[in-house]
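Read through the structure below, which is laid out as structure tokens, and then see the notes.
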Amino acid sequence: MAMNAMTSIDEQIAIAAAGLRLEGVRKAYDTAVALDNVTIDIPAGAFTVLLGPSGCGKSTLLRLIAGLDRPTSGKILLGGNDITRKPPAERDLSMVFQSYALFPHLTVAENIIFGLRVRRVDKAERWERLNRVARMMGLDGLLDRRPNQLSGGQQQRVALARAVISERPVCLMDEPLSNLDAKLRAEMRVEIRDLQQRLGLTMVYVTHDQVEAMTMADHIVVMNQGRVEQVARPRELYAAPETTFCARFIGTPPMNLISARDLPAYRHLPEGSLVGVRPEDMIVDGEGVEAVVEGVEYLGADQLIAARIGAAKIIVRQPARTGAPDAKVRLSWPAEATHLFDADGRRLH
Amino acid sequence: MIKREWIHAWLLLLPALVLLFGFTHIPAVQTFIDSFWSTPRGRRPSTFVGWDNYARMTADPVFLRVMTNNLIYAAITIPASIAISLWMALFVHRRIMGLGFLRMAYFTPTVLPLIAVANIWLFFYLPGFGLFDQIRGLFGLRPVNWIGQPSTALYSITAVTVWNQAGFFMIFFLAALQTIPENLREAAALEGTSRWTFFWRVTWPLIMPTTLFVSVNATINAFRMVDHVFVMTQGGPNNASALLLYYIYDQGFRFWDTAYAATLTVVMVVILAIIGIGQFFLLDRRVHYR
């Protein structure tokens, strides 16, 4: 019954999805280059995550898409139309800010319909849309409250509602969960993903948290120092990182990268090459490369063994029931679990 | 032991208490009492006269004149100072060339003592070769004796006050504007909010506490700032530019009619208290405090 009510609400909010395309986008400031030659496709109706460490340019990129900043060069297209020079309001997209950007002096209802009022949407329609969105977001009983009377999660929902009520096909989110506690964050991840799929929104979501990226995204755009490192589905990204940066950034603990010189089987590779193996792919047994154990971290189900192969520090993940390892172990891994990178950090195929 | 601590506490409080009572509370109470007594003159000691001083006041045409003047003065300086200071704050609350210089220029009149300001403006107002008349001369207009004729004297004084205090109020508005998060403006921009709409729907309500504070200050200043009257007009011509506090000074320290001066002072304090409390309660309901 509840499900039926949900679907009927969704059907009323029909949004024609539109895809985004960035072509050679560059953003330079007086002293630094924030983005350099970024070319990506953000497919319509999909959940795309811009992932990277702080300062990698992902938020700048989002602000360029929103029109809050202008690129130094390059083009931004939405559904095939060039929007590079258009003001934010004419771009047909909505945005949820990290701090939610709720108007502190307005009630929840007034906050949600702020945009409709500015655009002089007819009053009856305004209230109809408000009721629909409020029901969908579970904000029914809170419409008369002010933002400071709401919990962090509720404020987050109001910010989302304000984006949804605009019925625009593209929604931009700038680290929307970073102000929430861990439990709420997990709940909101599911909720936002669910919302995006029900409404068929084109979502562009900025985060530095790989868990958010892996759990929510259809596509992940990994960024580093103003450049795109890799665009891939979460499984591809984990299974076949294109660069050593991606290999180090994704996975907890991250992929072990061992200099080819330290591994007899790979000495034939050119100088500076790296061999990557995920911690869970390494097997402790009687044969393989010799490693010196430096410590064990017990996690309950699993344990992490810190060890050293030559100069490279590595981590091995194995079930905790295996027990404590010896001081010296031999490590091996299946050939298909080996990732090879050249001296420039690019994947060798 | 405890007694000793109390003695220490009172000793530490003593300097402040002496100053506070000696110069604020006792004079205030004494003024209130004096307003019901006659002024002692020569061998005639002061006698209790009840409401006589107040009766005299209501019949005093000069008092009515200065009250009217002061109301006009307040009615112009308060809104004008608020409007101009807010406009200046909005203007310098952005990145423009020479921002530091502009902010300083706006604030300079406040740093100058009002006496000095009045002397500068005295030159502006000089009939014939003052700044304003020189500008008027360029258009072939005849000279005007701005502060020497009853029709313009009060407004000339009023302009000086606004010029002097607007820069000060600007600082408060600027500080208030800087507490409004930038992303509110961005969120509004995404919705297509015009600058005008954003100001009235977001900025204005959010800086309301500051506006209240500034308006209370402007009100107090309207009754308190009379330094320039001394320098520029001495209340003349024919009391055209006399304000209540200036009249009190005249009565108290030029004519030494201290009882009548005390009566006028009580009236002024009552007016200020009513306005101050009124503003606070009336506006408080419409002010959003986070």
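Which chain is which? The protein sequence lines are A and B, in order.
For the first sequence, my numbering begins at 1 and goes up steadily by one.
For the second sequence, my numbering begins at 1001 and goes up steadily by one.
All C-beta atoms in this analysis are idealised placements derived from N, C-alpha and C, irrespective of residue type, glycine included.
All values derive from a computational prediction rather than experimental measurement.
Can you confirm whether residue i, when its beta carbon is compared against all beta carbons of chain B, has any partner nearer than 8 Å?
i              : result
F245 (chain A) : no
S178 (chain A) : no
M137 (chain A) : no
M95 (chain A)  : yes
S54 (chain A)  : no
S99 (chain A)  : yes
D331 (chain A) : It should be noted that the sequence gives Leu, not Asp, for residue 331 (chain A). Chain B contact via Cβ: absent.
H219 (chain A) : no
V133 (chain A) : no
R119 (chain A) : yes
If you measure from the beta carbon of residue i to each beta carbon in chain A, is any gap under 8 Å?
i               : result
L1184 (chain B) : yes
I1209 (chain B) : Before going further, note that residue 1209 (chain B) is Pro rather than Ile in the sequence given. Closer than 8 Å: no.
T1193 (chain B) : yes
L1206 (chain B) : yes
T1197 (chain B) : yes
P1015 (chain B) : no
A1187 (chain B) : yes
P1181 (chain B) : yes
L1283 (chain B) : no
L1114 (chain B) : no
V1214 (chain B) : no
L1264 (chain B) : no
V1049 (chain B) : no
V1267 (chain B) : no
L1177 (chain B) : no
Report the residue from the options whose alpha carbon sits nearest the alpha carbon of residue i.
i               : options                            : result
I1147 (chain B) : B:L1138, B:L1012, B:D1133          : B:D1133
R308 (chain A)  : A:V25, A:E290, A:A44               : A:E290
Q156 (chain A)  : A:A301, A:A28, A:Q98               : A:Q98
V170 (chain A)  : A:L78, A:S54, A:A312, A:R129       : A:L78
P1127 (chain B) : B:V1062, B:Y1247, B:P1143, B:L1114 : B:P1143
M136 (chain A)  : A:I112, A:S73, A:T338              : A:I112
E297 (chain A)  : A:G286, A:I315, A:E287             : A:I315
E110 (chain A)  : A:V222, A:A182, A:L142             : A:L142
F341 (chain A)  : A:I192, A:L199, A:V221, A:F245     : A:F245
V190 (chain A)  : A:F47, A:G24, A:D36                : A:F47
A327 (chain A)  : A:R117, A:V292, A:P334, A:D344     : A:V292
L1264 (chain B) : B:T1058, B:W1006, B:V1214          : B:T1058
T1068 (chain B) : B:P1209, B:A1242, B:V1160          : B:A1242
M1088 (chain B) : B:N1217, B:G1167, B:L1184, B:R1041 : B:G1167
G24 (chain A)   : A:A18, A:T84, A:C56, A:G115        : A:T84
P1237 (chain B) : B:G1098, B:V1269, B:S1156, B:P1040 : B:S1156
L61 (chain A)   : A:M255, A:V96, A:D30, A:D174       : A:D174
Quick check: the Cα distance between residue i and residue j, rounded to an integer number of angstroms?
i               : j               : result
Y1106 (chain B) : F1169 (chain B) : 10 Å
L263 (chain A)  : I283 (chain A)  : 16 Å
D92 (chain A)   : L1177 (chain B) : 29 Å
P1045 (chain B) : G1278 (chain B) : 40 Å
L1019 (chain B) : L1212 (chain B) : 30 Å
R235 (chain A)  : W1196 (chain B) : 49 Å
I305 (chain A)  : K86 (chain A)   : 54 Å
L257 (chain A)  : E336 (chain A)  : 15 Å
D1060 (chain B) : N1053 (chain B) : 10 Å
G138 (chain A)  : A260 (chain A)  : 55 Å
A34 (chain A)   : A163 (chain A)  : 27 Å
R1224 (chain B) : A1188 (chain B) : 42 Å
I1135 (chain B) : W1163 (chain B) : 19 Å
So what's residue i in DSSP terms, helix, strand or just coil?
i               : result
H1228 (chain B) : helix
A311 (chain A)  : coil
V1049 (chain B) : coil
N1070 (chain B) : helix
M255 (chain A)  : coil
R198 (chain A)  : helix
A306 (chain A)  : strand
Q98 (chain A)   : coil
L1020 (chain B) : helix
G1278 (chain B) : helix
E236 (chain A)  : helix
F1036 (chain B) : coil
H339 (chain A)  : strand
How about residue i: is its Cβ closer than 7 Å to a heavy atom in the ligand NAP?
i               : result
T1058 (chain B) : You won't find the ligand NAP in this model; it holds no ligand whatsoever.
Practice task
Only counting runs of 4 or more residues, tell me where the alpha helix (DSSP H) segments fall wholly within the region 107-192 of chain A, in order along the chain.
Solution key: Fully contained in the region 107-192 of chain A are the following alpha helix (DSSP H) runs of length 4 or more, in chain order: 108-112, 114-118, 123-137, 152-165.
Handout entry: beta strand (DSSP E) runs wholly inside the region 258-291 of chain A, at least 3 long, in chain order
Key = Runs of the beta strand (DSSP E) lying entirely within the region 258-291 of chain A, each at least 3 residues long, are 274-277, 283-285 in chain order.
Practice task
Enumerate, from N- to C-terminal direction, the unbroken alpha helix (DSSP H) stretches of 4 or more residues contained entirely within the region 1110-1175 of chain B.
Solution key: The region 1110-1175 of chain B contains these whole alpha helix (DSSP H) runs: 1114-1125, 1131-1138.
Problem - Ordered list of beta strand (DSSP E) runs contained in the region 1174-1260 of chain B, each at least 3 residues - result: Taking 3 residues as the minimum length, the region 1174-1260 of chain B contains no beta strand (DSSP E) run wholly inside it.
Exercise for the section: Could you name each continuous alpha helix (DSSP H) segment of 4 residues or more that falls completely within the region 203-237 of chain A, going from the start of the chain to the end? Expected result: 210-216
Exercise for the section: Could I get the ranges of all uninterrupted beta strand (DSSP E) runs contained in the region 35-106 of chain A, with 3 residues as the minimum, in chain order? Expected result: 47-51, 73-78, 93-96
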